[in-house]
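In what follows, a single structure is set out as structure tokens and then discussed.
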Amino acid sequence: MAFPEPKPRGPELPQKRVKTLDCGQGAVRAVRFNVDGNYCLTCGSDKTLKLWNPLRGTLLRTYSGHGYEVLDAAGSFDNSSLCSGGGDKAVVLWDVASGQVVRKFRGHAGKVNTVQFNEEATVILSGSIDSSIRCWDCRSRRPEPVQTLDEARDGISSVKVSDHEVLAGSVDGRVRRYDLRMGQLFSDYVGSPITCTCFSRDGQCTLVSSLDSTLRLLDKDTGELLGEYTGHKNQEYKLDCCLSERDTHVVSCSEDGKVYFWDLVEGALALALPVGPGVVQSLAYHPTEPCLLTAMGGSVQCWREEAYEAEGGSS
Amino acid sequence: MAALDSDSDEDLVSYGTGLEPLEEGERPKKPIPLQDQTVRDEKGRYKRFHGAFSGGFSAGYFNTVGSKEGWTPSSFVSSRQNRADKSVLGPEDFMDEEDLSEFGIAPKAIVTTDDFASKTKDRIREKARQLAAATAPIPGATLLDDLITPAKLSVGFELLRKMGWKEGQGIGPRVKRKPRRQKPDPGVKIYGCALPPGGSEGSEEEDDDYVPENVTFAPKDVTPVDFTPKDNVHGLAYKGLDPHQALFGTSGEHFNLFGGGPQGTSNLLGEIGVNKGRKLGISGQAFGVGALEEEDDDIYATETLSKYDTILKDEEPGDGLYGWTAPRQYKSQKEPEKDLRYIGKILDGFSLASKPLSSKKTYPPPELPKDYRPVHYFRPVVAATSENSRLLQVLSESAGKPVPDPGTLSRHQLNASKRGELLGETPVQGSATSVLEFLSQKDKERIKEMKHATDLKAAQLRARSLAQAASSSRPQPSSPDVGHCSWRVASSGGTATTKASNFKPFAKDPEKQKRYEEFLVNMKRGQKDALERCLDPSMTEWERGRERDEFARAALLYVSSHSTLSSRFTHAKEEDDSDQVEVPRDQENDVNDKQSAVKMKMFGKLTRDTFEWHPDKLLCKRFNVPDPYPDSTLVGLPRVKRDKYSVFNFLTLPEATSLPTTQASSEKVPQHQGPEKSRKSSRWDTSKQEKKEDSISEFLSLARSKVGPPKRESSTLVIKEEEHVTESLSNKTVNKDVDSQTEGEGSRPSMDLFKAIFASSSDEKSSSSADEQGDSEDDQAGPGEADFKSSQATDSVETSSVARASEPAPQEPAPSFPIQKLQIDEREAFGPRLPPVFCPNVRQTLEAPQKEKHKKNKEKHKTKKEHRRRKEKKKKHRKHKHKGKQKNKKSEKSSSSESTDSSDSQSDEEGPADLSPQELLKRLKSLPLRRQ
């Protein structure tokens, strides 16, 4: 185009609390952004799933139908449906607008720790403590999963999906990456039980957090260690980690009530953001903006960069 | 409800009818009984409801015609006098007064008719919508769009308006032509290209003579012909339920053959008001008639000829409707009108084209020769033999083909090299007419020898089987085939044995089966006395003859069964009686190496395992990814068979990955399960003692290096001790064929296994200690750690027991505990724990730590019981399998010692609270020693 690209600004870290949502659904087990980052989902221990506008702090809808606490949720690429999994061993597909349960997939033998849609929202992948990942078909009425990935020796704590890969972290200390295009399974041994995995946004690396209070950045293709991030505390709980919106920083929850930011390349601690007295249970990073959601206890906090001004000034 | 005090009356706004204030002393009114609840009309007459559909207007007298008195009207009024007054009776004269009321069929109230309602904008939109609706896959799918109305007109409209366009006009240069009657019918406004009613056609000539030269008219507003490709699976010309037709009745009386598209639009553009008299209801093709509708002649869309045009005619010249399908004279007529120009402003930067676009030149098809007859006749085909060569020649001459020289080959009989020769090319080295010619002389020689040998063998076999046939009383009609087939068996070599393992004709009698296999092997080697050698010498002559016969037949049957039967049957997925189970072929190998690699932060090759993994076909489809293995039916990891009930299914044996050839042999294991198995010695037997020392020292160094978490290591060590014994027993079944050199020192079973088997004892220790620590320090953190460890253990228990019948979830609802307890139970069972609930509005409160501990203990007991049970089972099985093993006793001993050990730890658990790590270490050190 005719105009030169605007000069890239230095990355800003979200450290200004702009909103606190009191979710009123027991403990918030997980908080997730939707695909464009305008809305967020909170999974409550009172069996409900809630959809919010995090910046305005408005509750848009409550989805109830789980038989036990909801542990993870995800939204589809077109924002038309949600999926969630919980302690009732069921994976539920929701219709966003009507709030109705579209499908309920049963088959896991234990709690469902994590759920993900694939890119086209045709398959739901769910990881459970029964050490299996099940791929549920949203298109057909088949009650059984399309495929069960049961290579893990212990519970699955985290599943992430790219266009042709499934990345799974397990309590057996391994990160498995199923490459559908190549038809291969890559298993990386980390040793300590994995609590969370994620792809970098460029798809070249995987970030792995484990119960030895360490985050590791691994090369996706070779499994080599690219970086190690320590300083936070993660020894007991299943806590989330992620990368910032431009892959500049590594972000992780911690059991000491802070959120830690590390510079991705240098590995140096960039910021320890104090959230509160308890454990930061879950976090979600906005896909395009420096905006962070953290969950502590029964509330969710929304953080923006320092220069951020709420539009319109309305609450 | 109005408030009682009068002061506040002004402030309050009351809605609805208030209840009448009760007078004091008055009894509350009784509700009206059901039989007294009647409906009357204005005049106090009873009203009856007629069914659900009609909504209840009364007809006649109590569902009858007439009145109470019968058919006679109650009062007869003669109309003789006032006949002159009322000349014409309207429909209103026959209506009831209810019909004229607000909600009747002919309301009297004054309302704005559609013609005068402000909807000029809507008309435009309506049209656009109707266009869209006609082309949409589902007619009426655009209804949703109607609900969303744009706030203002689009830019296109504004632009057009600025160029002088007005609503209701068509777009394009203004036309010099006679004004058409815009309103053929005063009641009906027609927009666009509505078909003229039949009667008005003749009127056009009359108007011809009144056209001033300089007056131009805007073009007609025409809905363009849309050539919609047929992309649905409906029948031809099927239109689904068109909401306009359905809701407002059918108005298309006339089919226009010349414009399939405009047919729909013409009636779409027709005024809706025409059909106003019709009641609303859904109708359409293949839809029934509603209860209210009287005419049901149209539902099946009967086609009559009267609906079609029978004469070719231009209906409306000059309207530009025809497009490229217009008749010629119609097109040429339009030519002189080219000089028309836009009256509106021409936009800046645009000008009218001065010369028309050059049209493409079209060429006429080639002319056929005069004497061409479009008939093909076939020449008779004559085979070229010596007798009819003359005939052939004649035939081919008549066909104008030169007779092929008998000496030279025909074009089609030449091969590449010969063609090359004809063309004068230098032949390719070796003049390769077949693959064989590429072979060296030596290889050819060898092949010839082989061929010779196999021929010989075949001859031998044939001879033998002939002899058999002669010796046996039963005649064997297919005896030459027997030889042939069995030769094939023999020559197929390596595959024969593997396939023979699949086909076991004498599986019920293992001895016989063995003899049969021996027979096959001998036959393969080409030994003449194959049968004689393998038969049991203790058998009688008759038996022998019989068996010989059987074997020969089986060998024959085997081949045929392989080709024919196997194509019809699939192998059973689960063989009930076999002692095998499918386990993944590749397994993540030794954890120890990786652990050290992780410690050294040498991620990469050392920590990575790569497996072949087959995704499900459907999954690939859903992910939009091509199937990486389009030919395989496998899903998941490739699997091989291993012994069922063997712990070693779940071991990570390095040889399983390092030596792929062993898989084949391990597959064959059951076939050869014989006495020689027990003879083999394993390396565990020999190096047991030193190994033990080794591991202890290793353990000690480990324990010294970090005093913190030695418990797990220690427990695994204990297990390892025992493992030496058990493995020596059963690893032969797995890797019998592997020589002991290849399984290096690294073949230690994985940690998971140990945890799986002996989890209870280890995690008791750790968790109890952790519990105690946690109690003293913090309610939250302590149990958490314990939870995690125990969960890890229990989880791996689960995984290891996958092969067995899936056991119920480890937690059982304890009736004595409330639901809260259950929750805790579950939470502590697996994985990294979820963070605790801090918020005050949670329903479940934090549990008392004491109870939790108690509960945990209980569960541990349970798991332990389970372990013991399983172990017993295993033991039983082992005993059953390897009878007469000298190590049996030993393993029993060790397992019993294990159980004592676990009881030990049980008592430990109840023991003193604060255990220092050093003390634990000491205790642990003493444990293996005691065992020795």
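Note that the protein sequences, when read in sequence, are chains A and B.
Residue 1 is where the first sequence starts when you use UniProt numbering, and the numbers rise one by one after that.
Residue 1 is where the second sequence starts when you use UniProt numbering, and the numbers rise one by one after that.
Using N, Cα and C, we set each Cβ at its ideal position, and we do this for glycine too.
Within the model, the alpha-carbon separation for S45(A) versus L21(A) is close to 16 Å. Residue pairing by DSSP places F199(A) opposite T206(A) in a beta bridge. The secondary-structure analysis by DSSP pairs G86(A) across a beta bridge with V70(A). Residue environment for D41(B): exposed (fewer than 16 other C-beta atoms within 10 angstroms of its C-beta). A direct Cα-Cα distance of roughly 9 Å separates T633(B) from D616(B). In the three-state reduction of the DSSP assignment, D549(B) falls in the helix class.
DSSP places Q169(B) in the coil class of the three-state scheme, outside both helix and strand. The Cβ atoms of G127(A) and P287(A) lie no closer than 7 Å to each other. Inter-residue distance for V300(A) and V115(A) is about 20 Å (C-alpha atoms, whole angstroms).
Taking a Cβ-Cβ cut-off of 7 Å, the neighbours of T607(B) in chain A comprise D188, Y189, G223, given in sequence order.
The beta carbon of M539(B) sits closer than 8 Å to the beta carbons of E547 from its chain, once the five residues preceding and following it are set aside; these are given in chain order. Residue pairing for K451(B): DSSP places it in no beta bridge. Around the Cβ of A90(A), a 10 Å sphere holds 16 or more other Cβ atoms; the residue is buried. With fewer than 16 other beta carbons inside 10 angstroms of its own, G156(B) counts as exposed.
Within the same chain, no Cβ atom closer than 7 Å to the Cβ of A353(B) is found once the five residues on either side in sequence are excluded. A straight-line Cα-Cα distance of about 42 Å links D509(B) and R446(B). Under a criterion of Cβ atoms nearer than 9 Å, the residues of chain B adjacent to E120(A) are, in order, R622, F623, N624. For Q100(A), no beta strand (DSSP E) segment is defined, and its DSSP state is neither H nor E. The bridge partners DSSP lists for V91(A) are G85(A), F105(A). Among the CB atoms of chain A, one or more fall inside 7 Å of the CB of D616(B).
Listed along chain B are L618, R622, each with a C-beta nearer than 8 Å to that of D137(A). Chain B places a beta carbon closer than 7 Å to that of H164(A), counting this residue as a contact. Apart from the 5 residues on each side of it in sequence, E92(B) sits with its Cβ closer than 8 Å to the Cβ of L100, A106 in its chain, given in chain order.
Residue-level contact by beta carbon fails for Q37(B) and chain A, as no gap is shorter than 7 Å. Under a 10 Å Cβ-count criterion, P364(B) is classified as exposed, with fewer than 16 other Cβ atoms of the shown protein chains found around its own Cβ. No residue range can be given for E120(A), since it is assigned to no beta strand (DSSP E) and is classified by DSSP as neither H nor E. For G276(A), the closest alpha carbon among the candidates M296(A), N234(A), G267(A) is that of M296(A).
According to the DSSP assignment, V591(B) belongs to the alpha helix (DSSP H) that extends over 591–599. Neighbours of Q15(A) in chain B, taken as residues whose beta carbon is under 7 Å from its own, are absent, since the nearest beta carbon is some 22 Å off.
Taking a 10 Å sphere around the C-beta of D163(A), we find fewer than 16 other C-beta atoms and assign the residue as exposed. The shortest CA-to-CA distance from L167(A) to any of T206(A), D150(A), R153(A), D202(A) is the one to T206(A). Within the region 245–268 of chain A, no residue places its CB atom closer than 7 Å to a CB of chain B. When beta bridges are read from the DSSP output, N53(A) appears opposite T58(A). The beta-carbon of P630(B) is placed no less than 7 Å from the nearest beta-carbon of chain A.
Within chain B, the C-beta atoms nearer than 7 Å to that of G183(A) come from E612, W613, H614, P615, P628, Y629, in chain order.
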